[in-house]
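Undergrad:
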Amino acid sequence: MDSRYYLSKLTELQSSNLNGGLNMPWNEPGGKNRNNDPWGGGNKNQGPPALDKIIADFLKKIRALMLGKKSNSAWEPSQNQNSGFIFSLVFVVIAVIWFVSGFFIVNPAEEAVILRFGKYYQTMQPGLHWHARFIDSKYLVDVRKIYSFSLQGDFLTKSSEKSDLPEQAIEVDADAKELSLDQSKNLINVEMNVQYKISNPEAYLFNVVNPDATINAVALSSLSAMVGQMKLDEVLTTGRENLSTGVYERVKKVMGGYDAGLEVVTVTLRKVQAPDQVREAFNDVNRADQDKATYIQQAMAYASKVVPLAEGVAARTLADARAYEQKTVLVAQGKIAKYQALLSVYLTSPDVTKQRMYYDTMQNVYKNTSKVLVDGKSSNNMIYLPIDKLINNKSNSTGGEQ
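Residue numbers 101 to 502, in the numbering used here, belong to the letters of the sequence shown in order.
#1: Report buried or exposed for Asp282, applying the criterion of at least 16 other Cβ atoms within 10 angstroms of its Cβ.
#2: Rounding to the nearest angstrom, what Cα-Cα distance links Arg416 and Met400 in this structure?
#3: Between the C-alpha atoms of Ala441 and Arg456, what's the straight-line distance to the nearest angstrom?
#4: Please state whether DSSP places Phe217 in a helix, a strand or coil.
#5: Could you tell me the boundaries of the beta strand (DSSP E) in which Thr368 lies?
#6: Would you report the Cα separation of Pro301 and Glu349, rounded to the nearest angstrom?
#7: Which of the three DSSP states, helix, strand or coil, is assigned to Gly356?
#8: Taking Val290 as part of the alpha helix (DSSP H), name the residues at either end of that continuous run.
#9: On the DSSP letters alone, give me the boundaries of the alpha helix (DSSP H) that Phe203 sits inside.
#10: Provide the residue span of the beta strand (DSSP E) that contains Val241, from first to last.
#11: What are the boundary residues of the alpha helix (DSSP H) that includes Gly227?
#12: So, is Pro311 buried or exposed, given that buried needs 16 or more other C-beta atoms within 10 angstroms?
#13: Pull up the DSSP beta-bridge partners for Tyr247, would you.
#14: Which partner residues does Gln252 have in the DSSP bridge list?
#15: Taking the alpha-carbon positions, what's the Phe249 to Gly412 distance?
#16: Give me, in chain order, the residues of the same chain whose beta-carbon lies closer than 7 Å to that of Lys352; leave out the 5 immediate sequence neighbours on both sides.
#17: Please report the straight-line C-alpha distance between Val318 and Ala360, rounded to a whole angstrom.
#18: For Val327 and Phe255, which I take to be in contact (beta-carbon distance under 8 Å), what is that distance rounded to the nearest angstrom?
#19: How is Glu128 classed by DSSP in three states: helix, strand or coil?
#20: State the DSSP-derived secondary structure class of Ala195, mapped to helix, strand or coil.
#21: Kindly indicate which three-state DSSP category Ala269 falls into: helix, strand or coil?
#22: Comparing alpha-carbon positions, which option in Ile235, Glu380, Lys438 lies nearest Phe217?
#23: Just the C-alpha distance for Asn289 and Leu251, rounded to the nearest angstrom, thanks.
#24: To the nearest angstrom, how far is the alpha carbon of Ile214 from that of Thr338?
#25: If you draw a straight line from the alpha carbon of Ser324 to that of Ser201, how long is it in whole angstroms?
#26: Identify whether Ala410 lies in helix, strand or coil by the three-state DSSP scheme.
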């Protein structure tokens, strides 16, 4: 509002008071308008205005300003000035509300994805942030929450090999003897749990239409593919861990190619069992496989105990054989050396050598016998020498002297 407007109004008021003789002070005695004296006499029944009247008058003025009606009071400003002031006030209030409403808090487990005019702008980390309302759009994504879903159903296993099937099962026609390995496939009931989390909020929101349904479908197809590569007994017994690992690797690879912003955490195989119709038979097979594994372990334990002892005996026998071999060779070499030495002496003097060899031989022979027969050339009598008795008598006499 213009100050010159109020100054002009104040001047008109003063001039009207002078013309009307109201320039006398209110407390001056003898005044004509003494009834207007607020400190003295006058109408004693006159009191202060009521509060509800004041509020009603104020509301009427505000409504008149809002509706654009002209006021009859000379003190009120013009319509254009009121409209400009109200518009400015409303604009400031709306701007403040818009600015304050742009503040938001991102929780520690979340990340905020901001779009500006529908296009990706930035990703905000946990904390207090501000964005332009009606210009930016925010999406809060929980990146620490672990999501999970379960898969359960009947899946076809791998066809059994020819060595695993009886003759009646693999021959369709006895004359043609055609193989039918496809008939050896079996159904198996598998239950698996898959856990995953959001690794990239932007890719999770905008790269794939429904990433949660996508990872569910990928896990189901991966499970079917892995079971189709394994035989029934393998899935039920030794291949359980390989099944979980294979499904995990397949889902991780496929989801990485889709760039869906999801990361597989764990894949847990909860239950693997044969169909209800043949469950008892397969339980018997499973128990037989367990017994087989137990017997194999017992045999390996026995072998680990017996084999070292057998190896020790074999090593000892080989060592004795080598020692005997060396002994025999050395003895033979010694005899050869003795023979060669004797040969050289024999070549020098044959008669003496033969005589000496004869005496040595007879000495060795008599040394090992207790009876000696001597044939005399001059008579027909044969002399008997009881050498054993002579030796015994000599021994007894020697012992008696001691």
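Think of the CB as a built atom: it goes at the ideal place given N, C-alpha and C, for glycine as much as any other residue. From a predicted model like this one, the values you see are computed outputs, not experimental measurements.
TA: Taking the coordinates as given:
#1: The predicted model places Asp282 with a pLDDT of 49, which falls under 50 and marks its position as unreliable; any figure quoted below should be read in that light. Counting the other Cβ atoms within 10 Å of the Cβ of Asp282 gives fewer than 16, which makes it exposed.
#2: 24 Å
#3: 14 Å
#4: coil
#5: 362-373
#6: Annotation: Pro301 to Glu349 spans about 22 Å, alpha carbon to alpha carbon.
#7: Reduced to three states, the DSSP call for Gly356 is helix.
#8: Where Val290 is concerned, there is no enclosing alpha helix (DSSP H), although the beta strand (DSSP E) it sits in stretches over 287-298.
#9: Taken as a continuous stretch (DSSP letters only), Phe203 belongs to no alpha helix (DSSP H), being part of the beta strand (DSSP E) at 203-206.
#10: 236-242
#11: Not the alpha helix (DSSP H): Gly227 falls in the beta strand (DSSP E), residues 227-230.
#12: buried
#13: Residue pairing from DSSP places Tyr247 in a beta bridge opposite Tyr296.
#14: Glu291
#15: Note on geometry: alpha-carbon atoms of Phe249 and Gly412 lie some 59 Å from one another.
#16: Val364
#17: 12 Å
#18: 4 Å
#19: Any answer about Glu128 is weak, because its pLDDT of 47 lies below 50 and its placement is not dependable; what the coordinates show is given next. Coil.
#20: helix
#21: Confidence at Ala269 is low in this model, with a pLDDT of 42, below 50, so its placement is unreliable and the value that follows should be read with caution. Ala269 falls in the helix class under three-state DSSP.
#22: Ile235
#23: 10 Å
#24: In a straight line, the C-alpha of Ile214 is about 49 Å away from that of Thr338.
#25: 51 Å
#26: helix
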